[in-house]
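Enquirer: Here it is: the structure, laid out below.
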Amino acid sequence: MRILIQEMLIRTLFFFYLIISSLEFTPENNYLINCGSFNDTSIDDRIFLADNLNSTVLSTPETIFANSSNSNSVLDLYKSARIFNGSSQYNFSINKKGWHWIRLHFFPFPISNEKFNLSSAKFSVFAQNFTLLKDFQPLNNVPVVKEFSLNVNSNNLLLKFTPSRNSLAFLNGLEVISLPDELIPFSIGNQNLEKNALETVVRVNMGNVTVSSKDDPLGRIWLSDYNYLSNVNLVVFVSNIHLVNYTKGEEKVSENIGPSSVYGTGTKLHSVFDPNTQINATWLFNVDSGFGYFIRFHFCNLLNPIPNNNFFFNVFLNSEFVVKDLNLSTSGAPMYKDVVVVTNVVPQIRISVGPSNVRNSYPDGILNGLEIMKISTSDGSLAAVDADFPSSSSSSKLKVWIIVSLAIGISLILVVFTVVFLFRRRKRHVMIHSTPDHLTEEDDSNSSIFSRSKIGYRFPLAVVQEATDNFSENRVIGIGGFGKVYKGVFKDGTKVAVKRGISCSSSKQGLSEFRTEVELLSQFRHRHLVSLIGYCDEKNEMIIIYEFMENGTLRDHLYGSDKPKLNWRKRVEICIGSAKGLHYLHTGTMKRIIHRDVKSANILLDENLMAKVADFGVSKTGPDHFDQTHVSTAVKGSFGYLDPEYLTMQKLTEKSDVYSFGVVMLEILTGRPVIDPSKPREMVNLVEWAMKCSRKGEEIVDSDIVNEVRPESLIKFQETAEKCLAERGVDRPTMGDVLWNLECALQLQGKQKENEQPEEMRDVSATEISLGSMADLAAVSMSKVFSELVKAQGTRSEFGSAP
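With mature numbering (1 follows the signal peptide of the UniProt record, and there is no 0) applied, the sequence shown covers -22 to -1, 1 to 781.
Written out as structure tokens, the structure reads:
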């Protein structure tokens, strides 16, 4: 009986083995050649056969072999090569028609025969009617694999090598492999791929993990995405290979499309500690312009459980939607998306994933793998020099037409602007231009300067006067370049900060700052940026109403006032909060925002001493295009905080904010102002004095905290500040890097004392959490104030419409 059971078990196991084996893809055409060698070699269990004198697939005018003198530096496949000093070709019999890979292996190792110097080789490669490579020169001392995909419809495949003039060609290894039918589609949308050749530009595995050919059923290599990420600090790498299930989901994806080692790792947004995240994870890839590209996105939800029981996000390619509100709510189900894009000008492809606006979806996004393949041109070329560009004559004609069109367009625009200007002037109506830096005044003081925009929360002047006791001097809580700031209290007891500027009619610059700040703040929703409650522009007033920050400015808690001093841990936490706000400005909005006036007086503290960046009157949008490095603009900001590069060259970048933030960090560290005339001459300027002391190894820590700062935390904090203060912007870290280092400094300080409350507990109260979506916290607080005011003051119409 026991023997019978054992036999049945063996038969059952054998049966399952047959089923599993049948699921694995076995290519009908599988040519693997170790070129220039008399010996077979293996790579990850794949046998490359010796390319000997009896080869039946190669026709060449002369048989020339070469061998590497360094036997330990590379794989066996790259220790030999076949050299072609004339046009030569491989002719492969094709048993199964369809898509095939052609992989060419090159490694120009040094050889003793100077006549055949591989490092100077220059040649072209053709397959059927396609140009795969033209005047190609392999990199010295680096093995290179070129992978192409061809749809072979004949009984043979002809592969031809042609040396360039006075040069030679060579090859170390060659693969011709038939592919699974489902791997490459014959068409994507209106793009027909069936009659094109493809070149693999890059095959990337997200999650900062490289997948070797032995872990892929088709022998593919998937490179780590780490070097392609535009900002590593915005993402986290996740892995859960055991969660991958190819039978789940609507799309039954096979492992040939992507192995579990790819779908089981991913790169996702680092949003777990900030539910208000509005940033994207972005990867950048260099490509040849003038070509179409077939791009395959691989997705798999590795979260278990899923936040809010749904997982939606957006996928972008060069700022255009690939998928809007992608639903990846099924854990472990592989999914892929194919698209085709043409790059006519910019030789770069930008891939991003970011938060969706679907209700209740947590701000997140994930990408597991990516493949980019170049598509051959209409004449069958994959070589960059053969890309379809206009000829010189057509370019000249194009330039003439462009010049003529521009001249006509400019003339029409001037006529239109003249008519509009005269019409507006006759009606005595305000005209506000599209950029906040240029504004035209008007006599009708009762019309809103935002009447043509979608900004709401316009408060009647009478309501603001009542809240501030008619702008009583007893209510003044601050004075800045724009004007005075008053503490206001509405009828329902809500406290607000009211910033009143000089009237519109007497301050053109103030009007520009007023409009800029209101428009920017109306777009922001981040808990480390001060929230806009409303504004008033009635009777030439320029009034901005903010949430009230109970503990005033950071500067007041460092020096110059009788407010309580801050301990070291709280100072670092305030730094972290401020850095989060600035980081959001630089990366989390549609256009990069440069604050331009970062200083301790513009960092406000609420009742829990949580930091919020304020005062956006001189803020500026960054470069419109990613290839632009700066914005040329007049210098604005506060003396002592200005980036020296911006000050001397008037070139504004995000790194200008980083420099100013470095100055704030020194204020926090030393507890002294940026400029202090009461000090000896060599100590007047904080930055110069602190940097000089640092070089000498002298102590600069505020005496109020010197005994509580741990050396490791101090070193990390001070090093970060000094990096921010580098003379050149390119040598400074990003705000994301600064944030990471500050978090590290806080960890190095160790755990807080028992009577201290952790930052996360202070930042988000139980009441706030009960409101629902964390991403709506800022909007809820503003809307609540507004709705309560409507009830207390009268009808909604007198306040304007709320967005």
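No residue lacks a Cβ here, since even glycine has one placed at the ideal position from N, Cα and C.
What are the partner residues of L153, as DSSP defines its beta bridges?
Expert: It is worth fixing the name first, because residue 153 is Glu in this sequence and not Leu. In the DSSP output, where bridge partners are listed per residue, E153 has L10, R81.
Enquirer: Based on DSSP bridge pairs, tell me the residues matched to M661.
Expert: DSSP lists no partner for M661.
Enquirer: Give the C-beta separation of L82 and V52 to the nearest angstrom, bearing in mind that I take them to be a contact with Cβ-Cβ under 8 Å.
Expert: L82 to V52, Cβ: 16 Å. No contact.
Enquirer: Measuring only the C-alpha atoms, how far is I653 from D621?
Expert: Rounded to the nearest angstrom, the two C-alpha atoms are 15 Å apart.
Enquirer: How big is the Cα-Cα spacing for V467 and D715?
Expert: About 40 Å.
Enquirer: In this structure, does DSSP put E623 in helix, strand or coil?
Expert: Three-state result, E623: helix.
Enquirer: Using CA atoms only, rank isn't needed, just tell me which of P312, L295, S208, A259 is closest to I219.
Expert: The shortest C-alpha separation from I219 is found at P312.
Enquirer: Cβ of I11 within 8 Å of Cβ of L146?
Expert: Contact: no.
Enquirer: Give a yes or no on whether the C-beta atoms belonging to N346 and G244 are separated by under 8 Å.
Expert: Yes, the pair counts as a contact, with Cβ atoms nearer than the cut-off.
Enquirer: Please go through the same chain and pick out, in chain order, the residues whose beta-carbon is closer than 8 Å to the beta-carbon of K558, but skip the five residues on each side of it.
Expert: Closer than 8 Å at Cβ, skipping near neighbours: D252, H504, H506, L717.
Enquirer: For G675, count neighbouring C-beta atoms within 10 Å of its own C-beta (all shown protein chains included) and say buried if the count is 16 or more, exposed if not.
Expert: Exposed: under 16 other Cβ atoms inside 10 Å.
Enquirer: Could you pull out every residue in the same chain whose Cβ sits closer than 8 Å to the Cβ of L157, ignoring the five residues on either side in sequence?
Expert: If we look at L157 and ignore the five residues flanking it on each side, its Cβ neighbours are P5, G76, W77, H78, W79, S127, L196.
Enquirer: Between the Cα of L161 and the Cα atoms of H276, L295, F291, P689, which residue gives the shortest distance?
Expert: Cα-wise, what sits closest to L161 is H276.
Enquirer: Is it buried or exposed for N30, if we count other Cβ within 10 angstroms and need 16 for buried?
Expert: Classification of N30: exposed, given that the 10 Å Cβ count is below 16.
Enquirer: What residue range is occupied by the uninterrupted alpha helix (DSSP H) comprising G555?
Expert: 546 to 565 is the extent of the alpha helix (DSSP H) around G555.
Enquirer: Within this structure, are the beta carbons of G236 and F291 separated by less than 8 Å?
Expert: Against a cut-off of 8 Å, the Cβ pair of F291 and G236 comes out as no contact.
Enquirer: Under three-state DSSP, which class holds L498?
Expert: The answer is helix: DSSP assigns L498 an H, G or I state.
Enquirer: Can you tell me which of S307, F269, T355 puts its alpha carbon nearest to the alpha carbon of N282?
Expert: Minimum Cα distance to N282 is reached at S307.
Enquirer: Cα-Cα, which of Y435, N170, D357 is closest to Y513?
Expert: Closest option to Y513, Cα to Cα, is Y435.
Enquirer: Going along the chain, which residues of its own chain have a beta-carbon closer than 6 Å to the beta-carbon of L149, five neighbours each way excluded?
Expert: Within the same chain, L149 has close Cβ partners C13, R60.
Enquirer: Where does T626 land, buried or exposed, given buried means 16+ other C-beta within 10 angstroms?
Expert: Exposed: under 16 other Cβ atoms inside 10 Å.
Enquirer: With distance defined between alpha-carbon atoms, name the residue in S37, N305, F526 nearest to K315.
Expert: Closest option to K315, Cα to Cα, is N305.
Enquirer: Pull up the distance between the alpha-carbon of S509 and that of N296, whole angstroms please.
Expert: Each residue's alpha carbon lies about 31 Å from the other.
Enquirer: Nearest-angstrom Cα distance between S359 and G640?
Expert: The straight-line gap from Cα to Cα measures roughly 52 Å.
Enquirer: Between I284 and the rest of its own chain, which residues show a CB-CB distance below 7 Å, the 5 nearest in sequence each way excluded?
Expert: Within the same chain, I284 has close Cβ partners S307, S309.
Enquirer: Tell me where the alpha helix (DSSP H) around Q696 begins and ends.
Expert: Segment 689 to 702, the alpha helix (DSSP H) holding Q696.
Enquirer: If you draw a straight line from the alpha carbon of F164 to that of K173, how long is it in whole angstroms?
Expert: About 8 Å.
Enquirer: Tell me, please, whether the stretch 565 to 576 touches the stretch 255 to 275 by the rule of three or more beta-carbon pairs shorter than 8 Å.
Expert: Counting Cβ pairs under 8 Å, three or more are found: they touch.
Enquirer: Is L644 helix, strand or coil when you go by DSSP?
Expert: Three-state result, L644: helix.
Enquirer: Return the bridge partner residues of F94 from the DSSP annotation.
Expert: F94 is not bridged to any residue.
Enquirer: Look at the alpha carbon of V687 and the alpha carbon of G707, and state the distance between them as a whole number of angstroms.
Expert: If you take the alpha carbons of V687 and G707, they lie about 30 Å apart.
Enquirer: Taking the alpha-carbon of N209 as reference, which of L247, N133, G227, D159 has the nearest alpha-carbon?
Expert: Cα-wise, what sits closest to N209 is L247.
Enquirer: Could you check what DSSP says for S208 in three-state terms: helix, strand or coil?
Expert: Three-state DSSP puts S208 in coil, outside helix and strand.
Enquirer: Compare the Cα-Cα distances from L221 to each of N205, V240, T140 and report the closest residue.
Expert: Here the closest residue by C-alpha is V240.
Enquirer: According to DSSP, which residues form a beta bridge with residue 788?
Expert: Shown here, the chain extends from -22 to 781; a query on residue 788 therefore has no answer.
Enquirer: Could I get the ranges of all uninterrupted alpha helix (DSSP H) runs contained in the stretch 108 to 182, with 4 residues as the minimum, in chain order?
Expert: As far as the stretch 108 to 182 is concerned, it has no whole alpha helix (DSSP H) run of at least 4 residues.
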